[in-house]
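A.B. asks: Residue 245 in this note's numbering sits at position 219 of the sequence shown; the count goes up by one each step and never skips. Note that the Cβ used here is the ideal one computed from N, Cα and C, for glycine as well. For reference, the structure I am asking about is given below.
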Amino acid sequence: MTNKLKYFVGNWKMFGDFTSFKIINKISNYFIRNLNTNNIKVILCVPNTLIYFFKQKMKSQTISLGAQNCHHYQDYGPFTGNVNAKMLKNSGANYIILGHSENRAIGESNKLIKIKIDSALKSNLTVILCIGETLKEKRSKKTFRVLKKQITSCISKNQNLSKIIIAYEPVWSIGSNKILKSEELKKIIHYIKFQYVKTFRTKKQPLVLYGGSVNEKNIKFFSPISEIDGFLIGGASQSAKKFIAIIKNYYK
Ligand code: PEP
C-alpha cells in the first residue's frame, strides 16, 4: 500500500436531496473507522442546494465538500439562476470543480474557465480543473495538443498554483465504461505534469487526478500507477457502497 496522499473526489452531478445525507454519513463512518486520514483525502462535490445542509449536519470534518461550477463574476450581479464562488465558499464548500466537460460541451471556453478559476481562488476555494480530449481529438491524435492548450489557457503563473488540482478526464471515458490502457494513461499523466512544470516554471509538480468511468471493479487497475494522485468519480460516487468499495479495492 502506498503512503502517498491520495484523493478520492466524488462528483455527484445533478443528483441528491436532503435524504442523501445518509450517503455522506456512511462514507464518513467508514472513513473514521477504517482509513488513515493522513493518506486519504475524501471530497464530495455535491449540488449547491445541499452544501450548507450537509456542512451543518456533518459531525466530523473528515470529508470535505465541494461545488461543481460557479459563475465567473466575483460579486453579486444581475445573473439570474447563478451563484458565484464567494457564495459557495460561504455555504461551506472548500473545493470546486471547474472546466468539467459537461459544462465545456454547453459553451464554456478555456478563457471563461480561467476567469472562474481566478474568482474561485479569490474566494479561497481549491480548484479541481478538469481537462481532457474528446474522442474525435483522440482519434486525430490531438490529445497532447488539447491538454497543453487547456493547461496554458486556464491556468496562469500568477495564480495560487498550490490551490489548483488537475483532473485528467478523457471526455470519451466519462460515463462510458471505457478506460485507457495503462501505458497510455501513464504517458498522459507524465505529460500533464511535465507541461505544467515547464509552462509555469515551478519545481512543484501539480496533483493530477484521473476521472472517467472509475468504479469498484476497475479501480485495482489504477493502483500500480503511482503517478496518479487520486480520482474524480462521477456515477459511482452517488452510492456509499460503491464509493467505499472503490477506496477499499484500491488499497487491496
Ligand atoms: C465525472 O463526471 O467527472 C466522471 C468522472 O463521471 P463517471 O465517473 O461517471 O465517468
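State the DSSP-derived secondary structure class of Tyr56, mapped to helix, strand or coil.
C.D. replies: In this structure, Tyr56 counts as helix in the three-state DSSP scheme.
A.B. asks: Buried or exposed for Lys48, going by 16 or more other Cβ atoms inside 10 Å?
C.D. replies: It is exposed - the Cβ of Lys48 has fewer than 16 other Cβ atoms within 10 Å.
A.B. asks: Does the ligand PEP have a heavy atom nearer than 7 Å to the CB of Ala262?
C.D. replies: At least one heavy atom of the ligand PEP is nearer than 7 Å to the Cβ of Ala262, so yes.
A.B. asks: State the Cα-Cα distance for the pair Ile195 and Glu159, rounded to the nearest angstrom.
C.D. replies: As written in the sequence, residue 195 is Glu, which differs from the Ile given in the question. Taking the straight line from one Cα to the other gives about 8 Å.
A.B. asks: Excluding the 5 residues flanking Asp281 on each side, which residues of the same chain have their C-beta closer than 8 Å to its C-beta?
C.D. replies: With the chain represented from 27 up to 278, any question about residue 281 goes unanswered, as that position is not in the structure.
A.B. asks: For the alpha helix (DSSP H) that Leu76 lies in, which residues bound it at each end?
C.D. replies: Per DSSP, Leu76 belongs to the alpha helix (DSSP H) from 74-83.
A.B. asks: Mark Phe248 as exposed unless 16 or more other C-beta atoms lie within 10 angstroms of its C-beta, in which case mark it buried.
C.D. replies: Looking at its Cβ environment, which holds 16 or more other Cβ atoms inside 10 Å, Phe248 is buried.
A.B. asks: DSSP state of Cys96, grouped into three classes?
C.D. replies: Here Cys96 sits in coil by DSSP.
A.B. asks: Would you report the Cα separation of Arg130 and Lys81, rounded to the nearest angstrom?
C.D. replies: Roughly 28 Å between the two C-alpha positions.
A.B. asks: Should the segment 232-251 be regarded as contacting the segment 191-208, the criterion being three or more beta carbon pairs within less than 8 Å?
C.D. replies: Short answer: they touch.
A.B. asks: Nearest to Gly260 by alpha carbon, out of Pro73, Ile218, Thr45?
C.D. replies: Closest by alpha carbon: Pro73.
A.B. asks: Using only the alpha-carbon positions, how far apart do Tyr99 and Phe170 sit?
C.D. replies: Roughly 31 Å between the two C-alpha positions.
A.B. asks: Below 8 Å on the Cβ atoms is my guess for Thr228 versus Leu173; work out the distance and round it to an integer in Å.
C.D. replies: Not really, about 17 Å apart at Cβ, beyond 8 Å.
A.B. asks: Is Ser265 near the ligand PEP, in the sense that its beta carbon is under 7 Å from a heavy atom of that ligand?
C.D. replies: False, no ligand heavy atom lies under 7 Å from that Cβ.
A.B. asks: Thinking C-beta only, is Leu31 closer than 8 Å to Lys67?
C.D. replies: In this structure, Leu31 lies closer than 8 Å to Lys67 by Cβ.
A.B. asks: Confirm the yes/no value for this check: CB of Ile259, any heavy atom of the ligand PEP, distance under 7 Å.
C.D. replies: Because some heavy atom of the ligand PEP lies under 7 Å away, the Cβ of Ile259 counts as near it: yes.
A.B. asks: Could you tell me whether the Cβ atoms of Leu147 and Gln185 are closer together than 8 Å?
C.D. replies: Yes. Within cutoff.
A.B. asks: Straight-line CA distance for Arg165 to Val35?
C.D. replies: C-alpha separation (whole angstroms): 28 Å.
A.B. asks: List the whole-angstrom C-beta distance separating Trp38 from Leu61, where the pair is believed to meet the contact cut-off of C-beta under 8 Å.
C.D. replies: Not quite, the Cβ-Cβ distance comes to about 20 Å (not below 8 Å), so this is no contact.
A.B. asks: Following the continuous alpha helix (DSSP H) through Val240, name the residue where it begins and the one where it ends.
C.D. replies: No alpha helix (DSSP H) holds Val240; DSSP gives it neither H nor E.
A.B. asks: Compare the beta carbon distance of Gly92 and Tyr56 with 8 Å and say whether it is the shorter of the two.
C.D. replies: No, Cβ-Cβ distance for Gly92 and Tyr56 is not below 8 Å.
A.B. asks: Given that a residue counts as buried once 16 or more other Cβ atoms are within 10 Å of its Cβ, and exposed if not, what is Cys204?
C.D. replies: In the sequence under discussion, the amino acid at residue 204 is Lys, which differs from the Cys named in the question. The residue is exposed, with fewer than 16 neighbouring Cβ atoms inside 10 Å.
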